[in-house]
Amino acid sequence: MQGSKPLSAPQKALRKLGLARDIDLALHLPLRYEDETRLTRLRDAREADTLQIEGTVTANEIAYRPRRQLVVTLDDGTDTCQLRFFSFYPAQQKTLAVGTRIRARGELRGGLFGWQMVHPVCRPAQGPLPEALTPVYPTVATLPQAYLRKAVLSGLSRADLSDTFPPGLAARLGQDPAWGLREALAFLHHPGPRTPLATLEDRSHPAWQRLKAEELLAQQLSQLQSKRERDVLRAPALAPAPGGLHEQLLAALPFGLTRAQHRVCEEIARDLTRPVPMHRLLQGDVGSGKTVVAALAAAVAIDAGTQCALMAPTEILAEQHFRKLIGWLEPLLAPRGLRVAWLTGSQKKKERTEMLALIASGEAALVVGTHAVIQEQVQFKELALAIIDEQHRFGVAQRLALREKTQDAGLEPHLLMMSATPIPRTLAMSYYADLDVSTIDELPPGRTPIVTKVIADTRRDQVIERIRVQIESGRQAYWVCPLIEESEALDLTNATATHQALSETLPGILVGLLHSRMPVAEKKAVMSLFESGEMGVLVATTVIEVGVDVPNASLMVIEHAERFGLSQLHQLRGRVGRGAAASACVLLYGAGENGRLSDTARERLKAMAETHDGFEIARRDLEIRGPGEFLGARQSGAPLLRFADLEADRPLLEKIRALAPAILDRHPDLAERHVARWLGGKSDYLKA
Ligand code: ADP
Ligand code: MG
């Protein structure tokens, strides 16, 4: 980039849209098309059609009523049409001078003065009509359509579009091999005049099918590549020592493991004994008992004389999630002269320095905290296992940084990610194809099912009465106020008002407030009052979405439940029903503008009341909200599928997934070119 000129506004916009390489431009497909291949005679035209007419300008004047405008009259020999421009340049007025022949394209309207077009696109009537439909590209304000069209056209002509599909692949996918990438792109940018637009809109056209196959292949190959790259990396092989920490912990637990917990523990233990880094996702519904599985994995690492790091996305979550785990492990570590270190952003410098020393010397066998754990100054003696809770809340860059922590020694840590949001199968096959997944599909015994009720906000008083009854019988309740993303302030006012109202209506009961803007110390104070049982009701914004574990809480009220995602509601609901008492979740909904809840919203809430299966809920959520929710931070780094649709193109995805390993084995060069072409510099992110 030496001596390069500063970028113009459209050039900057191109960069911003990710259109840097010729191939990126070639893959920037039209949103829709305009048909400029035909002319319509005004005599044959119908009102409200978008069409192109050609004629001679017979009048050109500026009118001032009802507002300033340029009015040009066009005569095509069969009728006349007035072209109106409310904003125009003097130059425009000249190119539309009386006597000029022009083509105008726009929506035809009838009116008092005959045919009219408002702000039509005008060109001099020179040369033949275009032979292909005119593409209209997705763009931004600073990037004019005409500029983008030219850029795409030149990108398309310069880009290397040679075939990277191995011979026979298209046919095996049931596609017409005549549609290569080159043919498909040439066609989609400039489809011929008689193309049925419906096949382009629903993406069923063979050109579209080819692009989808290309995109899915790139994604599958790239994930397979990263899996294989990881397979040649080395990690410390960790085996539980007989009679060691692992066994001691199992013996010390106040409960026996469920069958599902046993199974996933074995899956993890098996990974840990291998000298290649584990890359495993542990998924299990809220309350399924992931923490103890993490503790047992940590015990294996510690037994082997190495260190284990545990991370959660926020300080309060880190504390909530790991307090139990520490409670189990710490008494077993002390006799071995080992300790637990905490690392958080809010820590005092002195304490932090102490912790860093413990970590560097290896005395801290377990390091717990937020992303502070992976900051540069943190030097481990030998980090062998990293466990990330609520992995989807972490950024990709943070996970990459973690993996680099031990690369000095030539060894990578094993990685265990935990999530309560189950990944639907289609996503597991695509975005997470490189990930091994363990699933806890069974809740610990003794849980009472949660009864979910959908209730209108107008019956709020009855709900509050129910809270009083619960608390009088010795139970506790949560009241969740929605997070209004556009306005954190409004959000807070809302929660504060609810807190006050509940305090007034429930005299003699301690009502607490917890929200994201409170200082950490204050949050902790509130939490400990609630945990000790002194506080009857906890009003909170979604900060308690994950991580709170108070078995005595048996009622949860979620205000404006219609504003939450289904998986989010499910996670919230999982905070009750942890003890022996019968638990309930009340989904309060606010009425819409017409005083009613929309049908979709009602359907969704009804679904919540009907099912307690996290997978089923995740599947419905995926249908309603798309994959962003599940991909979390991954979506910002990794390109989401642009052309293929996970649900609609699932058969194609399955075929390609099955063929990808053989392609990578037999045609490594083609595979590499294919991935580079489609993912460019972005594929690194997919490996995190
Ligand atoms: P999550 O999967 O949501 O992280 P936790 O690990 O917090 O769930 O476990 C929820 C609760 O269940 C905790 O109080 C935990 O101690 C308890 N628990 C975990 N496993 C069992 C088990 N096998 N039997 C009984 N209780 C268990
Ligand atoms: Mg948990």
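Sequence positions in the sequence shown follow our numbering and run 1293 to 1980.
All C-beta atoms, glycine included, are put in the ideal place defined by N, C-alpha and C.
(message) Between the alpha carbons of Met1900 and Arg1335, how many angstroms are there, rounded?
(response) 58 Å
(request) Measure the C-alpha to C-alpha separation of Ala1925 and Ala1813 and round it to an integer number of angstroms. (result) Caution is warranted here: a pLDDT of 33 is assigned to Ala1925, below 50, making its placement in the model unreliable, and the coordinate value is therefore given only provisionally. Each residue's Cα considered, the two are about 28 Å apart.
(message) Quick check: the Cα distance between Tyr1356 and Gln1792, rounded to an integer number of angstroms?
(response) 59 Å
(request) Say yes only if the C-beta of Lys1582 is nearer than 8 Å to one or more non-hydrogen atoms of the ligand MG, and no if none qualify. (result) yes
(message) Tell me whether the region 1335-1345 and the region 1361-1373 touch, counting them as touching only if at least three CB pairs, one residue from each stretch, are closer than 8 Å.
(response) yes
(message) In the DSSP output, which residue or residues are listed as bridge partners for Thr1744?
(response) Cys1877
(message) Please tell me whether, using a cut-off of 8 Å, the distance from the CB of Met1900 to the nearest non-hydrogen atom of the ligand MG is below it.
(response) no
(request) Mind checking which residues open and close the beta strand (DSSP E) that includes Met1647? (result) Unbroken run through Met1647 is the alpha helix (DSSP H), Lys1641 to Ser1653; no beta strand (DSSP E).
(message) Closest to Arg1415 by C-alpha separation, out of Leu1477, Thr1583, Ser1454 and Glu1328, would be which residue?
(response) Glu1328
(message) I'd like to confirm something about Gly1825: is its beta-carbon nearer than 8 Å to some heavy atom of the ligand ADP, or not?
(response) no
(request) Would you kindly report the start and end of the unbroken alpha helix (DSSP H) that includes Gly1619? (result) Glu1607 to Leu1625
(message) For Pro1569, count the other beta carbons within 10 Å of its own beta carbon; 16 or more makes it buried, fewer makes it exposed. Which is it?
(response) buried
(message) Under DSSP, the beta strand (DSSP E) around Ile1680 begins and ends at which residues?
(response) Leu1675 to Ile1680
(request) Compute the distance between the beta-carbons of Ala1340 and Arg1397, then report whether it is under 9 Å. (result) no
(message) Between the alpha carbons of Glu1326 and Ser1514, how many angstroms are there, rounded?
(response) 36 Å
(message) With a threshold of 8 Å, are at least 3 pairs of Cβ atoms found where one atom belongs to the region 1559-1578 and the other to the region 1500-1513?
(response) no
(request) Look up Arg1934 in the DSSP assignment and say whether it is helix, strand or coil. (result) coil
(message) Does Asp1961 come out as helix, strand or coil in the three-state DSSP assignment?
(response) helix
(request) To the nearest angstrom, report how far apart Lys1616 and Ala1531 are at their CA atoms. (result) 24 Å
(message) If the criterion is Cβ atoms closer than 9 Å, does the pair Leu1537 and Arg1644 meet it?
(response) no
(message) For Gly1804, list the residues DSSP reports as bridge partners.
(response) Leu1830
(message) Here's a check: name, in chain order, each residue in its chain whose Cβ is nearer than 8 Å to the Cβ of Glu1826, leaving out the five neighbours to either side.
(response) Leu1802
(request) Report all residues from its chain with a CB closer than 6 Å to the CB of Thr1350; omit the five preceding and five following residues, and keep chain order. (result) Thr1365 and Asp1367
(request) Could you spell out the range, first to last residue, of the alpha helix (DSSP H) harbouring Phe1479? (result) Leu1473 to His1481
(request) Output the distance between the C-alpha atoms of Ile1680 and Met1603, rounded to the nearest integer angstrom. (result) 5 Å
(message) Assuming contact is defined by CB atoms lying nearer than 9 Å, are Arg1586 and Leu1564 in contact in what I supplied?
(response) A quick correction: the sequence has Ala, not Arg, at residue 1586. Contact flag unset, no.
(request) Given a cut-off of 9 Å, decide if Leu1465 and Leu1944 are closer than it, judged by their beta-carbon atoms. (result) yes
(message) Checking 9 Å against the spacing of the C-beta atoms, do Pro1714 and Thr1550 come in under that value?
(response) no
(message) By the three-class DSSP mapping on this structure, what secondary structure does Ile1354 have?
(response) strand
(request) Report the rounded CA-to-CA distance for Ser1859 versus Arg1330, giving the unit in angstroms. (result) 51 Å
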